[in-house]
Amino acid sequence: MLDQPAPLLSHLLARQGIDSLVLESRSRDYIENRVRAGVLEQGTVNLLTEVGLGDRLLKEGIPHHGIEIRFDNQSHRIDFNELTDGKGISIYGQQEVVKDLISARIKEDGKILFEVSDVELMGIESDKPTIKFSHEGEVKQSECDFIAGCDGFHGVSRKSIPEAKRKSFSRDYPFAWLGILVEAAPSSEELIYANSEAGFALHSMRSPTITRNYIQCNPDDSFEDWSNDRIWQALHDRLEIVNDWKLEEGEILEKGITPMRSYVCETMRFGRLFLAGDAAHIVPPTGAKGMNLAISDVNYLSEAISEWYAKGSEDLIKIYPKKCLQQVWRGEHFSWYMTSLLHKFPDSTPFQQRLQRAELEYLFSSSSASKSLAENYVGYRFDQY
Ligand code: DHB
Numbered sequence: 015m016l017d018q019p020a021p022l023l024s025h026l027l028a029r030q031g032i033d034s035l036v037l038e039s040r041s042r043d044y045i046e047n048r049v050r051a052g053v054l055e056q057g058t059v060n061l062l063t064e065v066g067l068g069d070r071l072l073k074e075g076i077p078h079h080g081i082e083i084r085f086d087n088q089s090h091r092i093d094f095n096e097l098t099d100g101k102g103i104s105i106y107g108q109q110e111v112v113k114d115l116i117s118a119r120i121k122e123d124g125k126i127l128f129e130v131s132d133v134e135l136m137g138i139e140s141d142k143p144t145i146k147f148s149h150e151g152e153v154k155q156s157e158c159d160f161i162a163g164c165d166g167f168h169g170v171s172r173k174s175i176p177e178a179k180r181k182s183f184s185r186d187y188p189f190a191w192l193g194i195l196v197e198a199a200p201s202s203e204e205l206i207y208a209n210s211e212a213g214f215a216l217h218s219m220r221s222p223t224i225t226r227n228y229i230q231c232n233p234d235d236s237f238e239d240w241s242n243d244r245i246w247q248a249l250h251d252r253l254e255i256v257n258d259w260k261l262e263e264g265e266i267l268e269k270g271i272t273p274m275r276s277y278v279c280e281t282m283r284f285g286r287l288f289l290a291g292d293a294a295h296i297v298p299p300t301g302a303k304g305m306n307l308a309i310s311d312v313n314y315l316s317e318a319i320s321e322w323y324a325k326g327s328e329d330l331i332k333i334y335p336k337k338c339l340q341q342v343w344r345g346e347h348f349s350w351y352m353t354s355l356l357h358k359f360p361d362s363t364p365f366q367q368r369l370q371r372a373e374l375e376y377l378f379s380s381s382s383a384s385k386s387l388a389e390n391y392v393g394y395r396f397d398q399y
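Everything in the sequence shown is counted per the working numbering, starting at 15 for the first residue and increasing by one.
Now the structure itself:
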């Protein structure tokens, strides 16, 4: 196995008595501290808790029962409690999930190698695929029954499938997100998504003293284009569009720029190689589905591999791509919907602008439209967990 969400798959397999090796290209310190999205769907929280990974998540995660959407000087609350029969989300940084997973694997003597490089996959169409890699200055080889390619969009796994056999779909968006982590108390109890005249902004949080804010920027912007003053001005302009609400400023602890892309490689299995997470699909960040989809994939994969070892049956292995893709395309649609609804598209025609307004006005007045958004935000699952 390679990279994140590999430690979760390794953990799930270990619970079924199945041995695995996780190869991680980065250092432990890097992956445990890299700031990324932080919204866990209800099903993700349930799954992590059920498999013994919920201790810190339940203590430090911040449960949320709604979000706020701002547009045209109005505010609309999506009430998850009321609209989804009590479901919700939890704000818990992705790197915190990574820390919990790695510590659980290490406690159980799970095999994880960090700072692995030069990974090559061989014999993926045979019964005994092999991974060749370098670690601590030595070239090593590991023969296995299955390879889980959880090595992100730029990893080797997807590229190891012959191009002619890969079926993929993609869409790029004409903007990116500039994200900042700030030492300040949240200015709101709930996340605020704002579609303003000047573009999109999001106010989120990580703890009672740390906030996370995002602003729509140009796709080729760099940090030099965004002084701290410009960042704060943009956040004030875009978020303070309703009366009597003020955004609290603080020290900026970290900055990052996230490109916006939708991508799906439907060839999630090739021989004994299975793709999972960002190796197979990318969503634009609006709605924070990325990690939830990766966790959904490895949950299906652990069930399929467990059944193969327990019964010698390939039934679940064969339907792995179909099960994942049903869930993935739901996440793709929702992320595209949230992105389309809330951003200012530089190339949109007056007609498209009116359509966006029509959708927002419908959302603000119809409980059915709000219910659909809420159901997807907390995580719509074709199979419950
Ligand atoms: C966060 C990220 C998102 O993409 C989102 O839609 C909501 C919250 C976050 O990092 O907190």
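A virtual CB, placed ideally from N, CA and C, is assigned to each residue, including glycine.
Establish whether the CB of Arg91 and some CB of chain D are separated by less than 7 Å.
-> Here chain D cannot be found, since the structure has a single protein chain.
Short Cβ contact (7 Å threshold) for Gln106 with Gly57 = Before going further, note that residue 106 is Tyr rather than Gln in the sequence given. Contact flag unset, no.
Please go through the same chain and pick out, in chain order, the residues whose beta-carbon is closer than 7 Å to the beta-carbon of Pro19, but skip the five residues on each side of it.
-> Cβ within range, chain order: Cys164, Ala290, Gly291, Ala308, Ile309, Val312.
In DSSP terms, what Leu195 is bridged to | The partner list for Leu195 (beta bridge, DSSP) reads Arg226, Glu268.
Three or more C-beta pairs closer than 8 Å, one from the segment 154-170 and one from the segment 200-216: is that the case here?
-> Contact fails: fewer than three Cβ-Cβ distances are below 8 Å.
Spell out a yes or no on whether the segment 172-189 and the segment 350-362 are touching, meaning 3 or more CB-CB pairs, one atom from each, closer than 8 Å.
-> Under the three-pair Cβ rule at 8 Å, the segment 172-189 counts as touching the segment 350-362.
Boundaries (first-last residue) of the alpha helix (DSSP H) holding Asp243 = 242-253
Check: Ala198 C-beta below 6 Å from any heavy atom of ligand 1 | no
Beta strand (DSSP E) runs wholly inside the segment 112-175, at least 3 long, in chain order | The DSSP assignment places 125-127, 131-136, 144-149, 152-157, 161-163 as complete runs of the beta strand (DSSP E) inside the segment 112-175, in order along the chain (cut-off: 3 residues).
Of the choices Ala28, Val112, Arg91, whose alpha-carbon is the least far from that of Leu54?
-> Val112
Compare the beta carbon distance of Ser89 and Glu96 with 7 Å and say whether it is the shorter of the two.
-> no
Where Asp114 and Phe237 are concerned, what is the direct C-alpha to C-alpha distance, given to the nearest angstrom?
-> 31 Å
Those residues which DSSP pairs with Pro77 across a bridge | Answer by DSSP bridge pairing, in chain order: Ser104.
Ignore the nearest five residues each way along the sequence and tell me which others in Arg48's own chain have a CB closer than 7 Å to its CB.
-> Gln109
Residue environment, Ile333, which counts as buried when at least 16 other CB atoms sit within 10 Å = exposed
For Glu375 and Leu287, the rounded distance between their alpha carbons = 46 Å
Using 6 Å as the cut-off, classify the Cβ of Val130 as near or not near the heavy atoms of ligand 1, replying yes or no.
-> no
Spatial neighbours of Ser182 within its chain, please: CB distance less than 6 Å, with the 5 preceding and 5 following residues excluded, ordered by chain position.
-> Cys279
C-beta atoms of Leu61 and Tyr399 nearer than 7 Å = yes
Less than 7 Å separating the beta-carbons of Phe160 and Arg42?
-> no
Identity of the residue in Ser382, Gly301, His78, Asp258 nearest Glu346 by Cα = Gly301
Comparing the CB of Val53 with every heavy atom of ligand 1, is any distance shorter than 6 Å?
-> With a threshold of 6 Å, the Cβ atom of Val53 counts as near ligand 1, since some heavy atom of the ligand is closer than that.
Hey, how far is the Cα of Met136 from the Cα of Ile145?
-> 6 Å
Three CB pairs or more closer than 8 Å across the segment 338-354 and the segment 390-397 = yes
Do you know how far the Cα of Leu315 is from the Cα of Tyr277?
-> Rounded to the nearest angstrom, the two C-alpha atoms are 20 Å apart.
Per DSSP, what kind of secondary structure is Arg220 in: helix, strand or coil?
-> Arg220: strand per DSSP, three-state reduction.
Between which two residues does the beta strand (DSSP E) harbouring Tyr207 extend?
-> Here the beta strand (DSSP E) through Tyr207 covers 205-210.
Pick out whichever of Leu356, Glu134, Glu150, Arg180 has its Cα sitting closest to the Cα of Gly169.
-> Ranking Leu356, Glu134, Glu150, Arg180 by CA distance to the CA of Gly169 puts Glu134 first.
Which partner residues does His295 have in the DSSP bridge list?
-> Per the DSSP secondary-structure output, His295 pairs in a beta bridge with Val278.
Arg180 by DSSP, collapsed to three states: which one?
-> If DSSP states are grouped into helix, strand and coil, Arg180 belongs with coil.
Would you be able to state if there are at least three C-beta pairs under 8 Å between the segment 207-220 and the segment 244-254?
-> Segment contact: the segment 244-254 against the segment 207-220, three or more CB-CB distances shorter than 8 Å; contact assigned.
Pull up the DSSP beta-bridge partners for Cys338, would you.
-> Its beta-bridge partners do not exist; DSSP assigns none.
Kindly indicate the opening and closing residues of the alpha helix (DSSP H) around Arg371.
-> Its alpha helix (DSSP H) spans residues 364-379.
If we ignore side chains and look at the alpha-carbon of each, how far apart do Pro143 and Gly304 end up?
-> 28 Å
Simplified DSSP state of Glu263, which is helix, strand or coil | coil
Using 6 Å as the cut-off, classify the Cβ of Thr300 as near or not near the heavy atoms of ligand 1, replying yes or no.
-> yes
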